[in-house]
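To start, the structure under review is shown below, and the notes come after it.
Numbering (UniProt numbering), first residue to last: 1 to 64.
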């Protein structure tokens, strides 16, 4: 399982986090953008968390 603070950097990491319902934080430019929650959907461009879509190319996603 992915530990707290782990940065999701691959499709596999995102799938594992989503499958296990792990809470994910969203960071942008070193600042916490959203305390987040479980990933609801992912594709190559976006991760959806609590109904909001975040661009994977500019945000950092960490296990909470």
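For glycine and all other residues, C-beta sits at the position ideal for the given N, C-alpha and C.
Because the structure is a prediction, the values reported are computed rather than measured.
- In the DSSP annotation of this structure, the continuous segment of the alpha helix (DSSP H) that includes residue 17 starts and ends at 11-19.
- In this structure, the CA atom of residue 35 is about 22 Å from the CA atom of residue 12.
- Using a Cβ distance threshold of 9 Å, residue 26 and residue 47 count as a contacting pair.
- A buried status is given to residue 18, since no fewer than 16 other beta-carbon atoms sit within 10 Å of its beta-carbon.
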